[in-house]
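>
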Amino acid sequence: MSSQTQRRSLLDAKIMRRASVDALAKLNPRVMMKNPVMFVVELGSVLTTVLLFLNLATHHGHFRFDLQITLWLWFTVLFANFAEAMAEGRGKAQADALRLAKSETTAYVVRGSNVEQVPSSQLRKADLVRVVAGQMIPGDGEVTDGVASVDESAITGESAPVIREAGGDRSAVTGGTRVLSDVLTIRITSNPGETFLDRMIALVEGAERQKTPNEIALNILLAGLTIIFLLAVVTLQPFALYSGAPQTVFVLISLLVCLIPTTIGGLLSAIGIAGMDRLVQHNVLATSGRAVEAAGDVNTLLLDKTGTITIGNRQAAEFVPAPGVSAAELADASQLSSLSDETPEGRSIVVLAKEQYDLRGRELGSLNAEFIPFSANTRMSGIEVEGRSIRKGAVDAIANYLQQFGNPMPTEVRTAVEEISHKGGTPLVVAENGRALGVIYLKDIVKGGMKERFDQLRAMGIRTVMITGDNPLTAAAIAREAGVDDFLAEAKPKDKMDLIKREQAEGKLVAMTGDGTNDAPALAQADVGVAMNSGTQAAKEAGNMVDLDSNPTKLIEIVGIGKQLLMTRGALTTFSISNDVAKYFAIIPAMFAGVFPVLNALNIMHLHNAESAVLSAVIFNALVIVGLIPLALRGIGYKPMSAAALLQRNLLVYGLGGIIVPFVGIKLLDMLLVTLHLA
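Note that the working numbering has the sequence shown beginning at 3, numbered continuously upward.
What follows is the structure, encoded as structure tokens:
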């Protein structure tokens, strides 16, 4: 998805036009019944509409007042539908952008020794396809052969290409992306219509969004309040008849609509949809609304080390020379022995020698150099060139090599090896012509900014645990450098699951990020399983979220959005219920003050008359939904703070504000209605 789509304006004109049409379509009673509060408002609107025409035909009632009440009741329903349609519309706009990346392409299917051209729509699971530089990848799959640079900007919005290769945790590719270099052989892992892009489109359109337990519980609460106020209003009419102050159905329905929690009822769906939409804007797909809510209450985060906390491959970090050998001499020999080494470690040695000692790659073709490839038996590699016999390998392998020349491994070199091992690194010893030159320090490279990001998570009250298959010594070193709270070393898939289950047994919500097939069981067990898009298909299918940017610390944004969702829902519920206080003081005195003058004491806003009081309350009830739509879509900003401080802030801002704002708003509307002679 493009960055332009991600940063789409909150109130985009195109989305607003689509939402206006959808708001009318949502008036269908079958749709409205899913929201009990707004369904009651719609029934009230239908009833007042029928009575309006009956009164018009029989010349009964107060037509101007009845018409205004009816219109504002309909506007209340439409504005609520508009809020939900706006949230859905943002997802539909993003889905339209994704569809641009989904097109029919030609696939080159490998069948034995032949390559057959077929449309991508005819591909089936397990088909092997070959994709060369410049071609589109025709479907989701796993790279079985080759390594290539791939442009995934159509999916992630990121212009920088990524490397995809056979084996490991970077073998998954997505249909609709483009190969930029080399050749890949890909095994298709999905049937037509079941691709990752298809699922993305369905998700962002909202077709698969389910109500979460929290949202269902809140709906039950709102429905309960609606029933209570419905019974209360119904009993007012007999009381009014008994007291000699009969009220019209228009006034009673107005009272009901104003007292039930219409504000949160009208915005509840929009808040939930917007929460998932904000995740999409951060390049995270949530397959479940429950996962978004759970993210807001996460206590523990488990992170796979390789490819998640570290960049995935060990790299040369330092040349440690032996006594009597300069660092430049060691770097020169190390680079020569690594020129034919195509492993990430070998390439990093060449780069480090170039960066630190300006040693450029050399053309060895004319020197008749003989490269000694690495083998499992010798555990060494090297080069024979111009009388120089250079070897690079494991400590004991080089020690055995030196013994052939009658030279022991120098004590200083063994000390350097031990120090590197204690740091969690991997030592490679280099020797030339039977003499030890020193040690290459290979280390796991922690991704930039990790420590600061983990500090942020800690401030949110989230405990971070690194999970790795490395030995405890290496794991401890990486854990210290990355700044995680704890680590689990020599972890097998079952160990990860057992750790998650132990945390969950203590009542904690657990999030897990990972990218490998061995992470899949833990991703499935976790309350929030965030799979990296660069990871395997198994990992992406096991999690309930997929991070398209493959950034393991994206959980900070995910947690923030989850907390935003919960806070927004709670704050607007508080605001909505607080609103009823002001509306009560507006309408009840207007209904009965004529018969019971003592009730004028409740008219603390000094509203002009009964008609303007009821109208002002109904109009404010509709307009406040409109005013809160941007907040529902954007969400309430989250800052790390204690639960007590958060509760205090919400009560002060949204509880007290929910009382004060209606008093001011209703009074201003009353003055405006009187000035315009509408009441």
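C-beta atoms are modelled at their ideal positions from N, C-alpha and C, and glycine is treated no differently.
Which ranges would you report for the beta strand (DSSP E) in the region 511 to 566 if only whole runs of at least 3 residues count?
512 to 516, 530 to 534 and 547 to 549
> Taking the alpha-carbon positions, what's the VAL282 to MET452 distance?
23 Å
> Evaluate contact between the region 608 to 618 and the region 542 to 558, counting only Cβ atoms and requiring at least three cross-stretch pairs below 8 Å.
no
> Please state the DSSP three-state secondary structure of ALA209.
Note that ALA209 has pLDDT 46, beneath the 50 cutoff, so the model's placement of it is unreliable and the number below is only indicative. Here ALA209 sits in coil by DSSP.
> Taking ALA684 and ALA634 to be in contact with their CB atoms under 8 Å, please state how far apart those CB atoms are, rounded to whole angstroms.
Examination of residue 684 is not possible in this model, given that the chain is present from 3 through 681 alone.
> Since I believe ALA128 is in contact with ILE190 (beta carbons under 8 Å), could you give me their beta-carbon distance rounded to a whole number of angstroms?
Confirmed, about 7 Å.
> Between PRO163 and VAL175, how many whole angstroms is the CB-CB distance? I'm expecting something under 8 Å.
In fact, because the Cβ distance is near 12 Å, the residues do not count as touching under 8 Å.
> For TYR640, which three-state DSSP category applies?
coil
> Using three-state DSSP, classify GLN317 as helix, strand or coil.
strand
> Measure from the alpha carbon of ILE563 to the alpha carbon of each residue in ARG292, VAL43, PRO121 and SER123, then state which is nearest.
Checked all of ARG292, VAL43, PRO121 and SER123; the closest Cα to ILE563 is ARG292.
> Please confirm whether PRO523 and PRO495 have their CB atoms less than 9 Å apart.
The answer is yes: Cβ separation under 9 Å.
> Kindly list the residues whose CB is nearer than 6 Å to the CB of GLU386, restricted to its own chain and excluding five residues on each side of it in sequence; keep chain order.
The residues are GLU372.
> Which residues in the same chain have their Cβ closer than 8 Å to the Cβ of VAL117, if we skip the five residues on either side of it in sequence?
In chain order, TYR110, VAL111 and ARG132 place their CB closer than 8 Å to the CB of VAL117, counting only its own chain and leaving out the 5 sequence neighbours on each side.
> Can you check DSSP and say which residues form a bridge with SER391?
GLU386
> Which value, in whole angstroms, describes the spacing of the CA atoms of GLU559 and ASP279?
When only Cα atoms are considered, GLU559 and ASP279 end up about 13 Å apart.
> Can you give me the Cβ contacts of MET673 inside the same chain, cut-off strictly under 6 Å, excluding the 5 residues immediately before and after it?
Excluding sequence positions up to five before and after MET673, its CB lies less than 6 Å from no other CB in the same chain.
> Are the CB atoms of ARG460 and ASP488 within a distance shorter than 9 Å?
no
> Is ALA319 closer than 9 Å to GLN337 when the C-beta atoms are compared?
no
> So, at 6 Å on beta carbons, what are the nonlocal neighbours of GLU217 in its own chain, with the 5 sequence-adjacent residues on each side left out?
Closer than 6 Å at the Cβ level, and outside the excluded window around GLU217, lie GLY274.
> Exposed or buried, LEU475, counting other C-beta atoms within 10 Å across all chains shown (16 or more means buried)?
Under this definition LEU475 is an exposed residue.
> Does the Cβ of VAL431 have 16 or more other Cβ atoms within 10 Å, making it buried, or fewer, making it exposed?
buried
> Distance check for LEU49 and LEU678, CA to CA, integer angstroms please.
27 Å
> Rank ALA624, LEU648, GLU483 and THR570 by C-alpha distance to the C-alpha of PHE81 and give the top, closest one.
ALA624
> Report back the beta-carbon spacing between SER256 and VAL616 to the nearest angstrom; my notes put them in contact at under 8 Å.
About 5 Å separates the two Cβ atoms, so the contact holds.
> Pull up the DSSP beta-bridge partners for GLU2, would you.
Nothing about residue 2 can be reported from this structure: the residues present for the chain run from 3 to 681 only.
> How should LYS641 be labelled, buried or exposed, when 16 other C-beta atoms within 10 angstroms of its C-beta is the threshold for buried?
Exposed is the label assigned to LYS641, since fewer than 16 other Cβ atoms lie within 10 Å of its Cβ.
> What residues in its chain sit with their C-beta under 7 Å from that of PHE665, if we drop five residues either side in the sequence?
Cβ within range, chain order: ALA584 and MET607.
> When the Cα atoms are used, what is the spatial distance from ALA330 to LEU550?
42 Å
> Please classify ALA681: does DSSP put it in a helix, a strand, or coil?
Looking at ALA681 - three-state DSSP - the assignment turns out to be coil, as it is neither helix nor strand.
> Have a look at ASP306 and VAL235 and give me their C-alpha separation to the nearest angstrom.
58 Å
> Mind checking who GLN119 pairs with in its DSSP beta bridge?
TYR110
> In its own chain, which residues sit with a C-beta less than 6 Å from the C-beta of THR108, not counting the 5 before and 5 after it?
GLN119
> Taking only the alpha-carbon atoms, compute the straight-line gap between ASP334 and THR466 and give it to the nearest angstrom.
Rounded to whole angstroms, ASP334 to THR466 spans 41 Å at the Cα level.
> Pick out whichever of ALA85, ARG66 and THR60 has its Cα sitting closest to the Cα of VAL23.
ALA85
> Determine contact between the region 502 to 511 and the region 261 to 275, defined as no fewer than three beta-carbon pairs at a distance below 8 Å.
no
> Would you kindly check if the distance between the Cβ of PRO346 and the Cβ of VAL397 is under 9 Å?
no
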